[in-house]
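Each remark here refers to the structure printed beneath this line.
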Amino acid sequence: RKPITLAEDVSTPEWEAFFQNCSLEGESLTVMARRLLDASIDSGIAGILIDFPKTEGVINLAQERALGLRPYFCLIPFTDILGWQLEVETQTFGEFSLYGNRLTQLRIRDVVTETDPEDEFRQITRPAVRVFEQPVANTQVRHRLFVLRPSEAGQQERWVQTQDTDLSITTIPFCANYSSAPDGFMRARPLLLDIARLNLAH
6 RKPITLAEDV
16 STPEWEAFFQ
26 NCSLEGESLT
36 VMARRLLDAS
46 IDSGIAGILI
56 DFPKTEGVIN
66 LAQERALGLR
76 PYFCLIPFTD
86 ILGWQLEVET
96 QTFGEFSLYG
106 NRLTQLRIRD
116 VVTETDPEDE
126 FRQITRPAVR
136 VFEQPVANTQ
146 VRHRLFVLRP
156 SEAGQQERWV
166 QTQDTDLSIT
176 TIPFCANYSS
186 APDGFMRARP
196 LLLDIARLNL
206 AH
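So for the sequence shown, this note's numbering puts the first residue at 6; every next one is plus one.
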């Protein structure tokens, strides 16, 4: 019920800007946290994907700041998580090492909007799947994008890979949030499942 506030030792202009707009769509961290809680209660698990605006070519930190580029949060409901693979091993985050489950692959449902090739004033929304892969720890994460498009004959749709890039990060940028005690990695029961069953029985 209370809004999230920044501690004084991290209250900088950069963090204030992120706090007020953590999704780059005008959504504050308080609103994002509320949506994450709701999604987690519904399915038992939801997640945050940390993304970065797409840029062309290599740019330095000063250019990023001049363009206003920075990471942002994307809420991922459990229904949009199509699948994952994991390994049990040690991960390194800066100066810290953590032993546990490491995502080696994550598949997320998405959509892409494209201009209609037959009508410049119309846009088409197509189903898409994003695949993040990192088979070997501490290596660059590979990102692929598959889009469902009609075939050349225009009759049957097929999945077409439209992107295949190596990201500059060495960890799949996804954080899972559980609403109750997890049954395992990326597995949890909805918080209100027992109440739902009781209502059905009644």
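Virtual Cβ for every residue (Gly too), placed ideally from N, Cα, C.
Is it true that the CB of residue j sits closer than 8 Å to the CB of residue i?
i	j	result
residue 143	residue 51	no
residue 20	residue 11	yes
residue 153	residue 131	yes
residue 94	residue 107	yes
Could you name the residues of the same chain whose beta carbon sits closer than 6 Å to that of residue i, not counting the 5 residues immediately before and after it, in chain order?
i	result
residue 170	148
residue 175	143
residue 103	96
residue 74	58
residue 119	129
Given that a residue counts as buried once 16 or more other Cβ atoms are within 10 Å of its Cβ, and exposed if not, what is residue i?
i	result
residue 79	buried
residue 192	exposed
residue 113	buried
residue 87	exposed
residue 45	buried
residue 8	exposed
residue 184	buried
residue 41	buried
residue 81	buried
residue 201	exposed
residue 71	exposed
residue 27	buried
residue 34	buried
Excluding the 5 residues flanking residue i on each side, which residues of the same chain have their C-beta closer than 8 Å to its C-beta?
i	result
residue 16	none
residue 168	148, 149 and 150
residue 4	The chain is shown from 6 up to 207; residue 4 falls before or after that span and cannot be answered.
Could you tell me which of the options sits nearest to residue i, measuring between CA atoms?
i	options	result
residue 189	103, 205, 91 and 156	91
residue 177	55, 33 and 18	55
residue 65	207, 202, 173 and 195	173
residue 85	48, 39 and 18	48
residue 77	162, 115, 127 and 58	58
residue 117	197, 165, 203 and 60	165
residue 245	6, 197, 133 and 198	Outside the shown range of the chain, which is 6 to 207, sits residue 245, and nothing can be said about it.
residue 43	23, 195, 141 and 31	195
residue 180	53, 18 and 32	53
Might you give, ordered along the chain, the residues of its own chain that have their beta carbon closer than 7 Å to the beta carbon of residue i, omitting 5 neighbours on each side?
i	result
residue 187	193
residue 38	9
residue 205	none
residue 115	133, 134 and 135
residue 121	127, 128 and 129
Three or more C-beta pairs under 8 Å: does that hold for the region 131-142 against the region 103-113? Contact between the region 131-142 and the region 103-113 is present, because at least three Cβ pairs lie under 8 Å.
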